[in-house]
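A.B. asks:
2 protein chains.
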Amino acid sequence: MPDEWLPQPATEDIQLVKVLHALGDPVRLQLLSIYLEGREVSCAMEGLGLDHLHKSTVSHHMKVLREAGVTATRVAGRNRFVRLRRDDLDRRFPGLLDALLKGLEG
Amino acid sequence: MPDEWLPQPATEDIQLVKVLHALGDPVRLQLLSIYLEGREVSCAMEGLGLDHLHKSTVSHHMKVLREAGVTATRVAGRNRFVRLRRDDLDRRFPGLLDALLKGLEG
DNA sequence: CCGATTGTTTGACGAGTATCCAACGATCAA
DNA sequence: TTGATCGTTGGATACTCGTCAAACAATCGG
Numbered sequence: 001m002p003d004e005w006l007p008q009p010a011t012e013d014i015q016l017v018k019v020l021h022a023l024g025d026p027v028r029l030q031l032l033s034i035y036l037e038g039r040e041v042s043c044a045m046e047g048l049g050l051d052h053l054h055k056s057t058v059s060h061h062m063k064v065l066r067e068a069g070v071t072a073t074r075v076a077g078r079n080r081f082v083r084l085r086r087d088d089l090d091r092r093f094p095g096l097l098d099a100l101l102k103g104l105e106g
Numbered sequence: 001m002p003d004e005w006l007p008q009p010a011t012e013d014i015q016l017v018k019v020l021h022a023l024g025d026p027v028r029l030q031l032l033s034i035y036l037e038g039r040e041v042s043c044a045m046e047g048l049g050l051d052h053l054h055k056s057t058v059s060h061h062m063k064v065l066r067e068a069g070v071t072a073t074r075v076a077g078r079n080r081f082v083r084l085r086r087d088d089l090d091r092r093f094p095g096l097l098d099a100l101l102k103g104l105e106g
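The listed protein sequences derive, respectively, from chains A and B.
If you read the first sequence in full-length UniProt numbering, its first letter stands for residue 1, the second for the next number, and so on.
If you read the second sequence in full-length UniProt numbering, its first letter stands for residue 1, the second for the next number, and so on.
What follows is the structure in structure tokens.
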């Protein structure tokens, strides 16, 4: 059985204001910095700096990022592997992710 | 008497998460697109696409942008002239404003 | 001085949101 | 099948936020 993907907006439907709103939160910006490392991340991974939050809270933030078009989620068994929609975002908002990456480092 | 400026965070104190939060609102993103044109804008200017909002609401949004470090406000008589802190933002988050400008056009 | 203009402040209200907890469904392992 | 794991969903709660309205302060023009 092939992998399934959770619903997400089409590339051309990604709206800047929703992306900015999604990223204008400390927890979700922390998630972004994790995703920017390029790994596919599972929800319950530890050591992400989110251990102080309930799992349902993290799940909520991941949903916000997905619905804003920032991330894509692949369902494989019990696990959901989340990754950045880097190509889509780079095409839609060129330079934005690069600038955010720099800003998160500095 | 020289111009006065409303209080604003120092360049090195501008935080990415606060900038993104400030811009993650339709009205404030509209204000940004106006400021990006480079003009100094007075609060009660008409034809900015904000005629549907109460003046106190616009004032509130302008305050949010200033406290996030996005704009600077110069007080001259009854008027407050708001401009982008382009140099500060470019130094702190290189490429961010350029990417936003592109994203607002497209 | 007086009235009009410009913008802020305060309070109020409704909507949205971040968080936790408990319960649940689905999946995997033994 | 049984139990454990992964993540979502719903309710509850407290907090934030966007908006308007009214009052206010400061300024400018006559």
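Beta carbons are placed, not taken as given, at the ideal position from N, Cα and C, and that holds for glycine.
Small disclaimer: the values here were computed from a predicted structure and weren't measured.
Check the C-beta distance from Val58 (chain A) over to Leu65 (chain A) and give it rounded, since I have them as a contact under 8 angstroms.
C.D. replies: The residue given as residue 58 (chain A) occupies position 58 in the first sequence. The residue given as residue 65 (chain A) occupies position 65 in the first sequence. The pair is not a contact, with the Cβ atoms about 11 angstroms apart (cut-off 8 angstroms).
A.B. asks: Please list, in chain order, the chain B residues whose beta carbon lies closer than 9 angstroms to that of Lys102 (chain A).
C.D. replies: Against the first sequence, residue 102 (chain A) aligns to sequence position 102. Result: Phe93, Pro94, Gly95 and Leu96.
A.B. asks: Give the interface partners of His60 (chain A) over in chain B, defined as CB-CB distance under 9 angstroms, in chain order.
C.D. replies: Here residue 60 (chain A) refers to the residue found at position 60 when the first sequence is read from its first residue. The premise fails here: His60 (chain A) is roughly 17 angstroms from chain B at the closest Cβ pair, so nothing lies under 9 angstroms.
A.B. asks: Use the C-beta contact count for Thr11 (chain A): other C-beta atoms within 10 angstroms, 16 or more gives buried, fewer gives exposed.
C.D. replies: Taking the first residue of the first sequence as 1, we reach residue 11 (chain A) at position 11. By the neighbour-count rule (16 or more Cβ atoms within 10 Å), Thr11 (chain A) is not buried but exposed.
A.B. asks: By DSSP's criteria, Leu84 (chain B) is part of a beta bridge. Which residues make up the other side?
C.D. replies: Against the second sequence, residue 84 (chain B) aligns to sequence position 84. B:Thr71.
A.B. asks: Counting C-beta neighbours from all protein chains within 10 Å, is the total for Val70 (chain A) 16 or more, i.e. buried, or is it exposed?
C.D. replies: Here residue 70 (chain A) refers to the residue found at position 70 when the first sequence is read from its first residue. Under this definition Val70 (chain A) is a buried residue.
A.B. asks: Interface residues of chain A around Leu23 (chain B) at Cβ under 9 angstroms?
C.D. replies: For the purposes of this step, residue 23 (chain B) is taken as the residue at position 23 of the second sequence. Within chain A, the residues near Leu23 (chain B) are Leu16, Val17, Leu20, His21 and Gly24.
A.B. asks: Quick one: Cα of Ala76 (chain A) to Cα of Arg85 (chain B), how far?
C.D. replies: The count along the first sequence starts at 1 and reaches residue 76 (chain A) at position 76. The count along the second sequence starts at 1 and reaches residue 85 (chain B) at position 85. Using only the alpha carbons, I get a separation of about 46 angstroms.
A.B. asks: Would you verify that the beta carbon of Leu29 (chain B) is, or is not, closer than 8 angstroms to some beta carbon of chain A?
C.D. replies: Here residue 29 (chain B) refers to the residue found at position 29 when the second sequence is read from its first residue. Yes, contact with chain A.
A.B. asks: Should Gly47 (chain B) be labelled buried (16 or more other beta-carbon atoms within 10 Å of its own) or exposed?
C.D. replies: Position 47 of the second sequence, counted from the start, is the residue given in the question as residue 47 (chain B). Classification for Gly47 (chain B): exposed.
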